[in-house]
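Per my numbering, residue 11 is the first one in the sequence shown, and the count goes up by one each step. Backbone N, C-alpha and C fix where the C-beta goes; we use that ideal spot for every residue, glycine too. No experiment lies behind these values; they were computed from the predicted model shown. See below for the structure under consideration.
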Amino acid sequence: MRTITSPDEMRRIVKEVRARGESVGLVPTMGFFHRGHISLMRAAGEENDYVVVSLFVNPTQFGPREDFKNYPRDLFRDSEMAAEAGADCIFHPRVEDMYPQPFLTYVNVEEITGTLCGASRPGHFRGVATVVAKLFNIIPADRAYFGLKDAQQVLVIRKMVEDLDFDIDIVACPTVRESDGLAMSSRNMYLEPEERRAATVLYRSLRLAEDLVSRGERDPGEVIAAMRALIEEEPLVEPEYVEAVDFRLLKPVDGLEGEVLIALAARVGKARLIDNILLKLDINRDKEPKH
Ligand code: AMP
């Protein structure tokens, strides 16, 4: 497996690969790999001849009081894990090569970036869309792989690809979890043992939502209230938002039908954690609870 830092060299390599008629899969990441990242690399390996994993802690998607400086980094361990997962190349550019100064051009996906995580992280999705657009230009892959753990990010990238005519398929992969349900995240390493235990309430609240809906509940207000009540039982967990939104424009839904994303964010100690489940509800299904 090669590690490339220069954008020009990366572009040249991908050109060569494509000229050989091979397909290219791209997995954009910020590193500090866990099984979630690995699942994306494996999916990319199954569907493409050549897999590029980009590893770049992107400063423009962090707010001024966020954890850019302290974000966990371990290139050596990441390289071993990516090689083991079958990646052909790691693209690990320097900040100054990705952001020539003065940097004046940004990609702004409107509307769907102002809700959920966008509400408390102004500029976050502008940074994400900008860096992903740059990666797509440097690495014109056939497919790019993203995790549904960051469901809003998937929708933002899909919209950008549609609106700006990128010729690349966006593949959304399921959330990989710890055995107790906690969604894997590089930020879980910030958790103290007590906080790590308390954090499991997030997935338990999503399971509760799923359970209520499976018994016929169709009022999003009821579902959200039950989730919040459960989360409140854990004083170490401070919810930021708990919402039921449509899985397209991320608008709050009046009733639970069609594709509904139940999404949440919470502070647990130093970590800000997010999680979600996507419900696919049959619009014609009998609304009476099952017994
Ligand atoms: P990150 O390095 O956190 O920016 O994540 C890189 C990619 O991995 C993104 O597309 C994430 O959605 C995805 N990802 C992160 N955590 C998980 C997880 N637990 N399961 C599946 N994909 C994940």
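If contacts are defined as beta-carbon pairs under 8 Å, then residue i and residue j qualify, I think. What distance do you get, rounded to the angstrom?
{"i": "L291", "j": "E267", "result": "5 Å"}
{"i": "R197", "j": "L274", "result": "Not confirmed; about 15 Å, so no contact."}
{"i": "I148", "j": "V34", "result": "I148 to V34, Cβ: 12 Å. No contact."}
{"i": "R153", "j": "D177", "result": "No, R153 and D177 are not in contact; Cβ-Cβ is about 11 Å, not under 8 Å."}
{"i": "A53", "j": "V142", "result": "With 8 Å as the limit, A53 and V142 do not qualify as a contact, their Cβ atoms being about 17 Å apart."}
{"i": "R136", "j": "G73", "result": "The pair is not a contact, with the Cβ atoms about 11 Å apart (cut-off 8 Å)."}
{"i": "A93", "j": "I48", "result": "Not really, about 11 Å apart at Cβ, beyond 8 Å."}
Does the Cβ-Cβ distance between residue i and residue j come in under 8 Å?
{"i": "L158", "j": "T123", "result": "no"}
{"i": "M194", "j": "G46", "result": "yes"}
{"i": "L316", "j": "S64", "result": "Outside the displayed range of the chain (11 to 301) lies residue 316, so it cannot be described from this structure."}
{"i": "V61", "j": "A97", "result": "yes"}
{"i": "F66", "j": "P103", "result": "yes"}
{"i": "M237", "j": "I100", "result": "no"}
{"i": "R228", "j": "G279", "result": "no"}
{"i": "L288", "j": "A129", "result": "no"}
{"i": "L222", "j": "V233", "result": "yes"}
{"i": "S89", "j": "T13", "result": "yes"}
How would you call residue i, buried or exposed, if buried means at least 16 neighbouring beta carbons within 10 angstroms?
{"i": "N286", "result": "buried"}
{"i": "A151", "result": "buried"}
{"i": "P38", "result": "buried"}
{"i": "D18", "result": "exposed"}
{"i": "Q163", "result": "buried"}
{"i": "K297", "result": "Unreliable placement is indicated for K297, whose pLDDT of 49 sits below 50; the coordinate value is still reported in the next sentence. With fewer than 16 other Cβ atoms within 10 Å, it is exposed."}
{"i": "V27", "result": "buried"}
{"i": "F257", "result": "buried"}
{"i": "P230", "result": "buried"}
{"i": "L192", "result": "buried"}
{"i": "R206", "result": "buried"}
{"i": "E242", "result": "exposed"}
{"i": "E172", "result": "exposed"}
{"i": "E204", "result": "exposed"}
{"i": "Q71", "result": "buried"}
{"i": "A281", "result": "buried"}
In whole angstroms, give me the CA-to-CA distance for residue i and residue j.
{"i": "G226", "j": "L201", "result": "36 Å"}
{"i": "E248", "j": "K25", "result": "47 Å"}
{"i": "N118", "j": "G133", "result": "9 Å"}
{"i": "A29", "j": "R277", "result": "47 Å"}
{"i": "L212", "j": "L259", "result": "23 Å"}
{"i": "E269", "j": "P262", "result": "12 Å"}
{"i": "M199", "j": "N68", "result": "19 Å"}
{"i": "Y109", "j": "G31", "result": "31 Å"}
{"i": "M91", "j": "F43", "result": "7 Å"}
{"i": "S51", "j": "L271", "result": "According to the sequence as given, residue 51 is Met; it is not Ser. Between M51 and L271, the C-alpha separation is close to 25 Å."}
{"i": "K300", "j": "S224", "result": "Because the pLDDT at K300 is just 46, under 50, the model does not fix this residue reliably, and the point stays unresolved."}
{"i": "G41", "j": "A208", "result": "25 Å"}
{"i": "V255", "j": "V166", "result": "14 Å"}
{"i": "R217", "j": "K79", "result": "34 Å"}
{"i": "T140", "j": "D190", "result": "35 Å"}
{"i": "C127", "j": "K169", "result": "17 Å"}
{"i": "E120", "j": "C183", "result": "24 Å"}
{"i": "E220", "j": "P82", "result": "33 Å"}
{"i": "E106", "j": "L36", "result": "22 Å"}
{"i": "V252", "j": "S215", "result": "10 Å"}
{"i": "T115", "j": "R187", "result": "36 Å"}
{"i": "R75", "j": "E250", "result": "16 Å"}
{"i": "A235", "j": "D59", "result": "47 Å"}
{"i": "T15", "j": "D77", "result": "23 Å"}
Is there at least one non-hydrogen atom of ligand 2 closer than 7 Å to the beta-carbon of residue i?
{"i": "G191", "result": "The ligand content of the structure shown is limited to ligand 1, which means ligand 2 is not among them."}
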